[in-house]
Structure formats: C-alpha cells, structure tokens
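Residue numbers (full-length UniProt numbering): 1 to 85.
Even for Gly, the Cβ is constructed at its ideal location relative to N, Cα and C.
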C-alpha cells in the first residue's frame, strides 16, 4: 500500500515528495536544501506513518524541525508560506 497524507480537512491524497520540495523552495530554500530536506522527510514519513497514513500537520512540523537544523534563515518564511496556502 502506498503512503497517503491526511489533510486538516479530513481528505487524503497520495504522498507527493515533490510537493514538499516545492513548498521548501517557494519559501526561499535552495534546490539542494529542498532535496536534502525532502529525503529526510521521506524517510521519517515512511518510518512513522500509521497504517501508511501521515498527517499533513506532522509533515509540516517535521519540515520545520529539519529546516532549523539545515538553514534556520528560511524557516520563518516556510512557516509563513504554509499559513497562506
């Protein structure tokens, strides 16, 4: 079974790592940072998904946690970008 994301509104969608990467670059991260961060998020999501489901809020929180370690300069921009989406 493929990993799915449970969104805040209760709907689900297929796991799309590219979407996570786009969010990171749209918030000011470099392509290289986005690739590194998305790899870590992908590993985390597959390890900690419950019944192949991961919550979107958990994905966002993990992204922020990893970004703070990689490049804290754009972490705030990412958080703001996520609020307006």
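Counting C-beta pairs closer than 8 angstroms gives three or more between the stretch 8–16 and the stretch 53–64, which meets the contact rule.
For residue 13, the uninterrupted beta strand (DSSP E) segment begins and ends at 12–14.
In the DSSP assignment, residue 40 falls outside any beta strand (DSSP E) and within the unbroken alpha helix (DSSP H) covering 31–48. At least 8 angstroms separates the beta-carbon of residue 24 from that of residue 40.
Linking residue 64 to residue 33 through their CA atoms gives a straight-line distance of about 13 angstroms.
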